[in-house]
Each structure stands twice: as C-alpha cells, then as structure tokens.
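Numbering (the numbering used here), first residue to last: 60 to 457.
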C-alpha cells in the first residue's frame, strides 16, 4: 500500500495496482473511495484530504458535519480498495516525514478495522529508490509529486538497511495542479477580460478541461480546450511552450523554497541523481533539472507500491534482492491509540475545522528528529506568485 497527500494505491504481489483519490464516502452499504465518492451529494458523509493528517488529534470533518480521525478514514479506504480476500502481510509506503507517532496511529486504525496480518512500514522515498533502474550506491534526491503537494527527500545508501532518508521537506500547494493553472491562465489570457464573468461553475468546468489538456500536452506540442464561458464559447488551442513560459517561473520559485528547507547536507550526502515519482509532467521534470542540475531516470508512476510489494514478497520467499528496509509495526494488539497532541496545548474536538487546506505551506522535517511547534514558517507559495493565491480557490476542483 502506498499513501501520499492526494491518493492511495494498493497492490498485491503480481497483481495490478489500484489507485484512488483520497476521497471517502461512508455509505451505509460500505465505504466508497475515489471517483465514485466524489460524485456523491454534498450533504453525505464524504471526507477528503485525510491522508496527510494521520496522527493529527483534530478529527477530519465530513461534508455532513460528522467527524472521524484521519487514520480511521485511511484504514477504511484501504479496506475498500483492497476488496475481499485475506492479507498475509501488509507493507505501507508512507510519506517520508512520518515518525513513530504516525505509524503507530495508522497501525492501530488498521487493527480496529479488522486487519490481523503483520504490517511493515517503508518511507515512500526509500520505496522509490528501490527501483531496479536506480543505482544503489549514490545519494539521491527523490521528488514525489502529487496533484496538490510535493515531498522532496534526500536518500543515501546505508550498509544496514540499503537506503535511509537523511532529510525531507513537504510543500502543500506545489504539484501538478500548478501546471493545470498555467494552462488555464494561457486560455483566459487569450480571451476578453469579461469572458469568464461571475459564473464560478463554468470556471470550475474549464479548470477540469485544462487538467485534461495538461495530460495531452505531456505527449504533444499543443492541445485544444473547449471553452464554455458566459462571454465566450468555442475551442482554444494551447501551445506547450506558452504553458512552460507561464508555469516554469512558479515551479522554479516553489522548488527553491523546498530545496532550501532541506537545510545543509554533508558533502558525502550530496545527491548525484534526481528520481521523480508520481504525477510528474514534462514541465515539472524540466523545472527540477533547472533548479538542481541533476539528471533523472524515466518516471514510473506506480514504482513505490509495486516495487515495495515485489521486494517484500521476494524477501519472504528467499529470492535474493536488494534490501527492503521495512520498519516493523509498533503494535500488535487491538488497543486503541490516543494520539499525542502536536502543539503545547491540546486542541478540543469542538475546534475541528474542515479538512481541505486552502493555504499552501512548506514543512521541513528531519526524519527521526523532534518536531518544533515554534519553528517559524517559510514563505507561502502563494506569496511567491500572487496569481497562484488569487486563483487557488476558484481553480481547485473538489
């Protein structure tokens, strides 16, 4: 199983990878995850953005006003994705910034949901580094790109475990959606200022079509976007070079902030190769190359969960393979785990807020080190480019 800020992936060894967005509908007939959950009425028990809040003492609030802990929602989503059938051993490829608290919280939630099999945990950056086309003896910069968030990790070789995460930083608001917004800016830039009008629903529909155009631009030099706005209806051709001109300055500025958040590194841990993973576009890959000067192997979207599952199964069957540095689950019983607060004072349940975060942030973190709640924040990505902040609410499609 692989978990990131935007999606959940589940795969059995030798089987297909099933991926769904981090949206869960608690239907009376059983939990529904991904696209079908997004299509449910807005007053139903629909929860979103819970994968990034595992271990948070404040519950996630659903569209119907009900509240659930993020770890319990993730356990239910995994159960819905995995489907019927027994599990002999579960490996969780989790965000590299997770510590013992997050792992223990998810493990307890999986136990409460009925999972009796052993559970192991692997940082996602380490799982990505297990790809067979990635050299095992050099430090790596792993860039794990999601739709709305990106995690950058420095992974170095380790004699005992094969790979270890030396430092990581996460940016909420930096992801493939920045390229979607660039496509939208190019489309709107060729229309009259009054073309969009006050129709927010029409603008959201256009944002969806710009996302589809982004996938087309990954393989071709141009794409056609069908525009249906109050002031204009018709096709608009978008050139990839124009999209790059708009998107690259935003991506470059955001990546600079994340790379600075990693802090100084020892000379022997300086990355020699960038490994891109997830929802990577050609524009994002170009930005990473520009800002780091590192080459990268081809992107494999499902590498984290597929390689981890294959490595674990090979290790259990005695097949020689590169070491899979799994961390055993911290608990083996069904006792509920009470999350420890991340702030000096506990946050009451009454103070719970909706899960979706509307302001991007960069969260530097040294794996295995203590979190400092008083650490001053870094510049928000919206401050780096005002257009990102102004359009964030209108363009993000829920």
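Backbone N, C-alpha and C define an ideal beta-carbon position, used for all residues, glycine too. As the structure is a computational prediction, the values presented were derived from the model and not from experiment.
Unbroken beta strand (DSSP E) run spanning residue i, endpoints
i           : result
residue 78  : 76-80
residue 331 : It is not in any beta strand (DSSP E) - residue 331 carries neither H nor E in the DSSP assignment.
residue 258 : Careful: residue 258 lies outside any beta strand (DSSP E) and carries neither H nor E.
residue 221 : 221-231
residue 112 : Unbroken run through residue 112: none, as it is neither H nor E.
residue 70  : 66-70
Chain-order list of residues whose beta-carbon lies under 8 Å from that of residue i (same chain, five-residue window excluded)
i           : result
residue 307 : 342, 345, 346, 349
residue 224 : 155, 182, 184, 185, 212, 213, 214, 426
residue 95  : 84
residue 258 : 288, 289
residue 331 : 197, 198, 199, 353
Reduced DSSP secondary structure (H/G/I, E/B, other) of residue i
i           : result
residue 89  : strand
residue 148 : coil
residue 264 : helix
residue 164 : helix
residue 213 : strand
residue 185 : helix
residue 127 : strand
residue 133 : helix
residue 276 : helix
residue 430 : With a pLDDT of 42 at residue 430, under the threshold of 50, the modelled position of that residue is not reliable, and no figure is offered here.
residue 199 : strand
residue 83  : strand
residue 353 : coil
Host alpha helix (DSSP H) of residue i (start-end)
i           : result
residue 309 : 299-320
residue 172 : Residue 172 -> no alpha helix (DSSP H), and no H or E assigned at all.
residue 95  : 94-97
residue 240 : 235-248
Which residues DSSP lists as bridging residue i, in chain order
i           : result
residue 337 : 204
residue 283 : 296
residue 61  : 68, 152
residue 117 : Its beta-bridge partners do not exist; DSSP assigns none.
Sequence-distant residues of its chain with Cβ nearer than 6 Å to residue i (five each side left out)
i           : result
residue 161 : 113, 114
residue 128 : 118
residue 238 : 273, 306, 340, 342
residue 99  : 84, 105
residue 299 : 276, 280
residue 463 : The question about residue 463 has no answer here: the residues shown for the chain are numbered 60 through 457.
residue 236 : 206, 207
residue 168 : 130, 131, 134
residue 97  : 82
Cβ shell of residue i (< 7 Å), same chain only, five flanking positions each side left out
i           : result
residue 404 : Interpretation of residue 404 is limited by its pLDDT of 30, a score under 50 that renders its predicted location unreliable; the figure taken from the coordinates is listed afterwards. There are no such residues.
residue 137 : 60, 67, 69
residue 315 : 350
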